[in-house]
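J.:
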Amino acid sequence: MKCKKCNYGFMVFFCCALAVSTICLGQKKKAAAKTEETVIFFDDFEGKKLNRNKWNTEVTGMHVNNELQAYVDTGSTVFLVSGAAAEGAKKGALVIRPQWIPGFKTKDGQTFDFVSGRINTQNKFEFAYGKAEARIKLTEGAGLWPAWWLLGNGMWPACGEIDIMEYVGEKDWASAAVHGPGYSGETPFVNRQYFSAGNDVTQWHIYAVEWTPDALYFKYDGKLMFRLNKKMTGHYGKWAFDNKKYLILNYALGGAYPVKINGVTMPYNGMPASTVDLIKKNKAKMLVDWVKVTQKK
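Using the numbering used here, count along the sequence shown one by one with no gaps and you end on 300.
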């Protein structure tokens, strides 16, 4: 004979458990909704040509950091590839590749032995706050200086610069940094990520920054490698990361940062002959699988 009290107690327990489960499920759904991300910019470089509706190709007019290259708008320095040439990027990849062109003269009358590529989204896509990330593969070579970064409009450094990834040829590490008023150039806010053997910068990595109104979180392959907030910059100058910024991908050569790492002065400032030969053979390059910017709802 069944006990009515036991049956009643079981029913109460079951109903309570169901109610708690329903509440927890509802809370999880609300939490997920709060953290849902919306893609506000994306380019997977699928196709035959760079999408000029999204990107500008810069031509050198201003020269900085004692770099060795002039930036040009040509299909030999900035182009798209697919298939085996994309080296694992399934839908294709962007390639930025410096070239050896001795005696090249810029529009402002300066002479360079190298040309390269630099693209940006200025006036086409600019944003404030969110996550900017790119999947990138690089070439080893002392003095090579490719970068993935964000820059604000106006005078530098007050406009604010967010260097998500910079690489100067030592394949076991890449660095992130920020520049603003009172903490530019030799910025105190810089950090390196060292990669494990067999998974260095010559492999694909996702380089990202999560940008909030009062902090920057740099993540490589999802792992936090550097954090910066308003209190930290406040010791040096004004927080320069409350304005819209645009995306930049570029490939510099030699100059200030590389020479401080490798100490090379010949045949070029910050770049040895072995790297010059690499460029002459068109083997120095940066491949970009995709670029994405998201914001939380």
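Glycine residues also receive a C-beta, built at the ideal position from the N, C-alpha and C atoms.
Source: prediction; values computed, not measured.
Residue 96 and residue 296: beta carbons closer than 8 Å?
T.: Cβ atoms of residue 96 and residue 296: not closer than 8 Å.
J.: Output needed for residue 293: all residues of its chain with C-beta closer than 6 Å, excluding positions within five of it in sequence on either side, in chain order.
T.: Excluding sequence neighbours, residue 293 sits near 47 and 138.
J.: So within the segment 237-285, which uninterrupted beta strand (DSSP E) runs reach at least 3 residues, ignoring any that extend past its ends?
T.: Runs of the beta strand (DSSP E) inside the segment 237-285: 248-256.
J.: Give me the Cα-Cα distance between residue 280 and residue 40, rounded to the nearest whole angstrom.
T.: Answer to the nearest angstrom: the Cα atoms are 44 Å apart.
J.: Which value, in whole angstroms, describes the spacing of the CA atoms of residue 110 and residue 256?
T.: Near 19 Å, if we compare the C-alpha coordinates of residue 256 and residue 110.
J.: Write down every uninterrupted run of the beta strand (DSSP E) in the segment 102-174 whose length is 3 residues or greater and which is fully enclosed by it, in chain order.
T.: Here the runs fully enclosed are 102-108, 114-119, 121-123, 133-141, 147-155 and 164-169.
J.: Per DSSP, residue 178 forms a beta bridge with which residues?
T.: DSSP output for residue 178 lists 169 and 195 as bridge partner(s).
J.: Could you tell me how far apart the beta carbons of residue 218 and residue 231 are, in whole angstroms, since I believe they sit closer than 8 Å?
T.: Indeed they touch by this definition, with Cβ atoms about 7 Å apart.
J.: I'd like the list of long-range same chain contacts for residue 216, defined as Cβ closer than 8 Å, with 5 residues on each side in sequence excluded.
T.: Cβ within range, chain order: 132 and 245.
J.: Can you look up residue 95 in the DSSP assignment and give me helix, strand or coil?
T.: Residue 95: coil per DSSP, three-state reduction.
J.: Have a look at the DSSP bridge pairing and note the partners of residue 211.
T.: Note: residue 211 sits in a beta bridge opposite 136 and 222.
J.: What's the C-alpha gap between residue 194 and residue 157?
T.: C-alpha separation (whole angstroms): 26 Å.
J.: I need the DSSP call for residue 183, collapsed to helix, strand or coil.
T.: Of the three classes helix, strand and coil, the one that applies to residue 183 here is strand, per DSSP.
J.: Check whether the segment 173-189 and the segment 108-125 touch, using three or more Cβ-Cβ pairs below 8 Å as the test.
T.: No: the two stretches stay apart, fewer than three of their Cβ pairs being nearer than 8 Å.
J.: Cβ atoms of residue 126 and residue 61: under 8 Å apart, would you say?
T.: Cβ distance not < 8 Å, so residue 61 and residue 126 don't count as in contact.
J.: For residue 299, which three-state DSSP category applies?
T.: It is a strand residue.
J.: Hey, how far is the Cα of residue 140 from the Cα of residue 289?
T.: Whole-angstrom Cα-Cα distance: 6 Å.
J.: Looking only at DSSP bridge pairs, what is residue 46 linked to?
T.: 294.
J.: Looking only at C-alpha atoms, which of 114, 78, 102 and 89 sits nearest to residue 65?
T.: If we check each option's Cα against that of residue 65, 114 comes out closest.
J.: Cα separation between residue 167 and residue 223?
T.: Straight-line Cα distance between these residues: approximately 9 Å.
J.: Given residue 247, which residues of its chain have a CB within under 8 Å of its CB, disregarding the five upstream and five downstream residues?
T.: Same-chain partners within the cutoff: 129, 130, 131, 155 and 156.
J.: Compute the distance between the beta-carbons of residue 287 and residue 68, then report whether it is under 8 Å.
T.: Contact: no.
J.: Between the Cα of residue 102 and the Cα atoms of 93, 44, 88 and 81, which residue gives the shortest distance?
T.: Checked all of 93, 44, 88 and 81; the closest Cα to residue 102 is 81.
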